[in-house]
Each structure stands twice: as C-alpha cells, then as structure tokens.
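Mapped onto UniProt numbering, the consecutive letters of the sequence shown carry residue numbers 1 to 360.
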Amino acid sequence: MLCGRTNVNKFLVEEQRRNPALIGDVSMLISDVVRSCKAIGQGVSRGSLAGVLGDEGSRNVQGEVQKKLDVLANQAFLHHCEWGGHLRAMASEEMEDIHPIPAEHPRGNYLLVFDPLDGSSNIDVNLSVGSIFSVLRCPDHASAQPPTAADFLQCGSRQVAAGYAIYGPSTMLVLTVGNGTHGFTLNRDIGEFLLTHPDLAISPDTREFAINASNERFWEPPVQRYVAECLQGKSGVRGKDFNMRWVASMVAEVHRILMRGGVFMYPRDSKDLSKPGRLRLLYEANPMAMIVVQAGGQASTGDERILDVQPTSLHQRVPVILGSRNEVERIERYHREHASGEDQPFRSPLFSTRTLFRDD
Ligand code: AHG
Ligand code: MN
Ligand code: MN
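The following block contains the structure:
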C-alpha cells in the first residue's frame with residue numbers, strides 16, 4: 001500500500017534538513033516544476049483525444065519544427081513556475097530569449113532552464129518523451145538588475161538541482177539536489193510522485209550502447225573506433241558482445257542507463273560544421289550530466305567533463321557521451337590517443353573488407 005512511501009515534498013524537506021545550504025525556496029520551486037510535469041504528462045497521455053498531437057506549424061529558434069506539445073509544454077512551465085516568487089528568469093529550448101519573471105509577480109534568486117518536451121519527434125508515434133530541467137542561482141551581481149541571458153551562462157557544476165520527468169508506461173520523476181539521484185513514480189490515484197527508486201547507481205560496466213548509427217560516416221575517429229570495437233563483439237578487442245539501442249529520446253536513453261547501465265552518445269560530427277553536436281548544453285547535457293554523475297556515472301564531451309564546459313550562449317550545442325563510468329573513460333582515452341596520434345588511423349571495417357571499396 002501507499003502508507004510509508006515518501007512523496008517529493010517530504011523528500012525535499014528531508015534533504016533540506018540534511019543540507020542547510022539548500023535554501024527553502026528550492027524545494028518550493030521544484031514543487032512548481034513537478035506541477036508542470038504532471039500537467040504535461042496528462043496532456044501526453046491523452047494524445048489524440050485532447051487534440052494535442054501533430055505540428056504547431058512553426059519553428060523554434062533552432063529552426064526545428066515545433067510540435068503542438070512542444071509549445072503547450074513550454075506554456076505549462078511558464079504558467080506553473082512564474083508566479084511562485086522563487087525565480088528571476090527562465091529559459092527554454094522553445095524560446096529564443098530568456099523569460100524574465102513578469103513585474104506582477106515577486107522575483108526570487110533562482111534561474112530555471114528547461115527542455116519542455118524532449119524526444120518530441122516521438123510524440124506522434126506514441127513513444128516515450130520527457131521534460132528536462134536545471135536550476136541555477138542567479139549571480140549576485142545581477143540581483144538588483146534585470147536578468148540577462150549572460151546570467152544563465154554558468155558551468156553545469158554550479159547547478160543547484162536537476163531532473164527530468166519521463167512520460168512512458170508509467171510517469172516518473174528523476175531528481176538530484178546534489179546528494180544522489182532519486183526516482184519517483186507518479187501515483188495517478190492520488191496525483192503524487194512517490195519515492196520508488198532511491199539512490200540510483202549506474203553500473204560502471206555495460207554491454208549496451210546507444211547512438212544514432214545513421215550518422216556513422218560523420219563521427220569523429222575515436223567514436224568510430226569505439227563503436228566498431230563494440231560491433232566486433234567477442235571476436236574483437238573487447239572480447240564480449242554488445243547490444244545496441246536508439247530511442248531518439250534522450251530522456252528515455254538516460255532513464256534506461258540509470259536502470260540497467262549503458263552508454264549514450266551524441267558525439268561531435270561533421271554533418272553540419274556550425275553545430276558541435278546535436279544536444280543543447282544548458283537544458284539537455286548539463287542536467288543529464290548532473291543526474292548521471294550523481295548516480296556514479298560519467299558525462300563527457302570526449303575531451304572534457306560536460307559539467308566543466310563554460311557556456312557561451314543560451315542554445316549552445318555540445319557533444320554528449322554519458323553513462324557507465326568505465327565506458328565513458330574508455331571513449332575519453334580514445335579521444336586522447338587520437339589527439340596525440342597514438343592510435344592507428346581508423347579504417348572502417350566495412351571499407352576494408354569489401355573489395356569493391358579497396359584501392360589496391
Ligand atoms: P528535442 O525533441 O528536445 O529536440 O530533443 C531530441 C534530441 C534527443 O532527445 C535525442 O537524443 C536526439 O535529439 C535524437 O536525434 P536524432 O533524431 O538525430 O536521432
Ligand atoms: Mn531535447
Ligand atoms: Mn524539446
């Protein structure tokens with residue numbers, strides 16, 4: 001039965017008692033975020049019945065087609081989080097500029113940045129999607145002045161809290177306030193997220209990787225080398241077979257990794273040289289990196305820890321390699337070996353085994 005289960009509010013109050021540095025209104029802010037996620041989850045679960053599927057007929061600042069639910073989910077975050085008095089401003093994937101808290105509401109000292117609907121290309125085919133969020137402190141110097149985009153340009157290591165909701169077979173909230181990563185499951189009967197997965201721990205080793213393999217020819221050589229070795233399985237240098245997954249919804253991939261280990265890659269590629277990766281630093285990579293690191297995993301660009309990357313713009317993209325610690329460290333080593341010329345120039349197994357492509 002439900003008796004004795006901890007809900008998110010109780011969890012946050014107890015976290016605060018353990019860590020007085022967590023100022024009271026962080027938990028109130030997270031409660032507002034939780035309300036946004038419940039509202040979005042309800043819209044997602046109703047699907048066609050609520051008329052919320054399909055394209056909005058517009059594009060976001062990044063030129064991506066907006067789904068109706070991208071826009072509705074963005075509005076849900078604004079609506080639930082702007083009046084509480086905890087925030088100075090918000091920023092999101094779906095808004096070109098920051099959203100300062102309107103003058104009619106009290107202003108607080110935090111910044112909220114979010115991806116209101118992640119994996120939204122999956123929404124029309126009824127696969128898992130989610131919402132991702134990150135909480136930052138507003139820099140002190142800005143407290144008397146109107147907020148600016150520059151206030152958001154803080155390293156991920158300065159996040160106060162991060163989390164995601166996944167709208168899957170069950171709706172779950174995964175949260176960190178810097179003391180481990182914890183999972184809650186929505187009990188729809190009482191409308192509460194209840195602690196079901198305390199102290200999530202990512203296994204350091206794995207036999208599962210996730211990458212969009214259709215981009216193989218655009219990847220950097222260290223990633224080509226890593227994936228080729230996984231595909232060689234038992235007969236290659238890894239000496240074991242690997243399994244591959246790709247949901248095209250980062251929330252779902254990270255959730256799987258938290259549950260059973262694995263490595264997720266959306267690496268730097270040469271498809272469009274103006275974009276050093278697909279995923280956005282502030283509202284995708286940073287919160288997921290904090291969640292994964294707090295669960296004992298690693299998160300890297302291949303060259304540096306994601307949490308150490310100094311942001312330079314609100315919608316900046318970054319390469320992402322995260323999950324089981326030993327695999328991420330191996331991929332980082334492949335990057336170092338490639339940079340120093342220690343590894344052999346990579347030859348795709350496809351091209352070296354087919355006589356059609358041989359140049360001899
Ligand atoms: P969003 O729906 O917020 O734009 O994010 C989608 C992201 C991420 O969730 C996923 O890993 C990746 O894009 C999928 O990209 P591909 O379609 O290139 O596989
Ligand atoms: Mn996304
Ligand atoms: Mn999105």
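Each residue gets a CB set at the ideal place from its N, CA and C atoms; glycine is no exception. As the structure is a prediction and not an experimental result, all values here were calculated from the model.
Buried versus exposed, by CB contacts within 10 Å (16 or more), residue 372:
Residue 372 lies beyond the range of the chain shown here (1 to 360); nothing can be said about it.
Going by DSSP, what residue range makes up the beta strand (DSSP E) through Asp55?
Looking at the DSSP string, the run of the beta strand (DSSP E) that includes Asp55 is 55-59.
Considering Cα atoms alone, identify which of Pro287, Glu329, Ala339, Gly296 is closest to Cys155.
Checking every option, the nearest Cα to that of Cys155 belongs to Pro287.
Own chain, CB closer than 6 Å to Arg5, minus 5 neighbours either side, in chain order:
Excluding residues within five positions, the ones whose Cβ falls inside 6 Å are Leu194.
Threshold first: 3 residues or longer. Then list the beta strand (DSSP E) segments lying entirely within the segment 285-354, N to C.
Complete beta strand (DSSP E) runs here, min 3: 298-300, 320-323.
Could you name each continuous beta strand (DSSP E) segment of 3 residues or more that falls completely within the segment 25-82, going from the start of the chain to the end?
For the segment 25-82, whole beta strand (DSSP E) runs of length 3 or above, ordered along the chain, are 55-59, 65-67.
Buried or exposed for Thr353, going by 16 or more other Cβ atoms inside 10 Å?
In this predicted model, Thr353 has a pLDDT of only 42, less than 50, meaning its place in the structure is not dependable enough to derive any value.
Around the Cβ of Ala144, are there at least 16 other Cβ atoms within 10 angstroms (buried) or fewer (exposed)?
By the neighbour-count criterion, in which a residue is buried when 16 or more other Cβ atoms sit within 10 angstroms of its Cβ, Ala144 is exposed.
Take Glu192 and list the residues in its own chain whose beta-carbon comes closer than 6 Å to its own, dropping the five residues that flank it on each side.
So the qualifying residues of the chain are Asn7.
Rounded separation between Tyr266 and Val320 - CA only:
Distance between the alpha carbons of Tyr266 and Val320: 5 Å.
Which residues bound the alpha helix (DSSP H) around Arg256?
Judged by DSSP secondary structure, Arg256 falls within the alpha helix (DSSP H) whose first and last residues are 250-260.
Nonlocal neighbours in the same chain, by C-beta distance under 8 Å from Thr355, ignoring five residues either side
Low confidence applies here, because Thr355 scores a pLDDT of 38, under 50, leaving its location unreliable and the question unanswered by this model.
Using a 10 Å radius around the Cβ and a threshold of 16 neighbouring Cβ atoms, would you call Ser134 buried or exposed?
Burial state of Ser134 is buried, judged by a 10 Å Cβ sphere holding 16 or more other Cβ atoms.
Rounded separation between Asp151 and Val26 - CA only
Spanning the alpha carbons of Asp151 and Val26 requires a straight line of approximately 18 Å.
Within 10 angstroms of its Cβ, does Asn122 collect 16 or more other Cβ (buried), or is it exposed?
Asn122 should be labelled buried.
Any non-hydrogen atom of ligand 4 within 6 Å of Asp303 CB:
Only ligand 1, ligand 2 and ligand 3 can be found as ligands here, which leaves ligand 4 out of the picture.
Using 8 Å as the Cβ pair cut-off and three pairs as the minimum, do the segment 87-103 and the segment 36-44 touch?
Not touching, per the Cβ criterion.
Would Val251 pass as a contact of Tyr164 if the rule is Cβ separation under 7 Å?
A contact, by the Cβ cut-off of 7 Å.
Mind checking which residues open and close the alpha helix (DSSP H) that includes Tyr226?
Counting along the chain, the unbroken alpha helix (DSSP H) around Tyr226 starts and ends at 221-232.
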